[in-house]
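With this note's numbering, you'll find the sequence shown wraps up at 406, consecutive numbering, no jumps. Beta carbons are placed, not taken as given, at the ideal position from N, Cα and C, and that holds for glycine. Since the structure comes first, as structure tokens, the remarks are kept for the end.
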Amino acid sequence: MNQIHRKSPFWTIAAPILIYMGVRLLVEVVAILILSFPYMMDAYGQLIEQQTLTMDEMTQQYWTLMEPAMEQVLRYSTVIAGVAALVTIPVNAIFFSRDRKLEKVCGMETPEKAPLKKYGTVVVFGLAVSIAATCFAAMVQLAFYNGQSQSSSLTVYSPPFPVQLLVLGIIVPIAEELMFRGVLFRRFMENRSFWYAALWSSLFFVLMHQDGAQMVYALLLGIFLCYVYEKFGSLKAPAVLHVIANCSSLIYTETGVFRWIGQAPLRMAGAVIIGAFICSVMYVMIQRTGGPVQKENKSETGNPGDMF
């Protein structure tokens, strides 16, 4: 039974989100300035020597001289994102730890933790969902070609594979799980139903993904990660699933699995169907794991559209 009622419901949700986004933005801005500073000084020196230029000409030449800096920023964008995510982990860990202590003080019921042997279903689900979701997204992008998404993908996959695996496969998923499941989802659950909490925390999770196909995938995955969290009674379960899904997707890309599947439309369709089937089987097995997911909260009042 949910029993926590905080003084400011709005800031209960808004504060961790704003801090999370603010820390990420600050780290990214500092990193960009560090990479750009030598080029800025060089451009400034060259423009000072050309005092006959008009303001418009100086502005145009400045951005021309800064193009190598922009290329540097794009080249290291994945690393910058990884550093930003890494910095948020201890901040979110503090929120997470304090919230769990508050739950104990208030006598809030927590799900029973599933044994380690049950985590095999989470691993298999992560391996299968990465194939099914990636192939489905590729089919959508073929039907609705988006040059911006392709350019973004090339930037993401440009760093060395170990860097991709460390940043996109481990650091970013752990940071996101701490924020969106460990903090946001659990805070919504303090006085709301499971499905309400899962939906709203997943909608915030979607904001971290700009591509259309990724946004749909992120919404569905976010809700399921909340479900896994409740069923296993530990943040380790959604974190493991998220890490496995991201790492396996990177490995499939690096080893050419996706390239081989993408060579034939029937292979892509088959991969989606088989992957979805395996995920369905794992879902049934996960459903039998741990305690029941809370379906309703009779203490909820007011407009259901009011997330606070």
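Query                                                                                                                   : Result
Alpha helix (DSSP H) segment containing Thr186, residue limits                                                          : 175-204
Contact belief for Val370 with Glu328 at Cβ below 8 Å, rounded distance in angstroms                                    : In fact, because the Cβ distance is near 27 Å, the residues do not count as touching under 8 Å.
Inter-stretch contact at 8 Å, needing at least 3 Cβ pairs: the region 228-238 / the region 130-149                      : no
Among Leu333, Pro363, Cys345, the one whose alpha carbon lies nearest that of Lys211                                    : Leu333
Start-to-end residues for the alpha helix (DSSP H) that takes in Lys334                                                 : 334-352
Rounded C-alpha distance that separates Val270 from Lys105                                                              : 31 Å
Same chain, Cβ closer than 8 Å to Ala463, neighbours up to 5 away in sequence not counted                               : In the structure as shown, the chain starts at 99 and stops at 406, and residue 463 therefore has no counterpart that could be examined.
Tyr118 classed as buried or exposed, judged by whether at least 16 other C-beta atoms fall within 10 angstroms          : buried
Local Cβ density within 10 Å of Phe375, reported as buried at 16 or more and exposed below that                         : exposed
Close-in-space but distant-in-sequence residues of the same chain around Met366 (CB under 8 Å, 5 per side omitted)      : Cys233, Ala236, Met237, Ile359, Gly360
Cβ neighbour criterion (16 or more within 10 Å) applied to Tyr142                                                       : exposed
Same chain only: Cβ atoms within 6 Å of Phe322, ignoring 5 sequence neighbours per side                                 : none
Neighbourhood of His103 by C-beta distance below 8 Å, restricted to the same chain and skipping five residues each side : Glu288, Asn289
DSSP three-state assignment for Thr387, whether helix, strand or coil                                                   : coil
Simplified DSSP assignment, three categories, for Ser247                                                                : Only weak support exists for where Ser247 lies, its pLDDT of 49 falling under 50; the value from the coordinates is given anyway. Helix, per DSSP.
Opening and closing residue of the alpha helix (DSSP H) in which Met153 lies                                            : 153-163
Limits of the unbroken alpha helix (DSSP H) element including Met139                                                    : 107-147
Complete alpha helix (DSSP H) runs within the region 261-300 (minimum length 4 residues, chain order)                   : 270-274
C-alpha distance - Glu126 paired with Ile178, whole-angstrom precision                                                  : 6 Å
Backbone CA spacing between Gln159 and Pro166 [nearest angstrom]                                                        : 13 Å
Pick from Val128, Val189, Gly267 that is closest to Met277, judged by C-alpha positions                                 : Val189
Collapsed DSSP secondary structure at Pro363 in the structure displayed                                                 : helix
Alpha-carbon spacing of Ser346 relative to Arg357, whole angstroms                                                      : 14 Å
Residue from Val222, Thr186, Trp293, Thr208 with nearest C-alpha to Ile115                                              : Thr186
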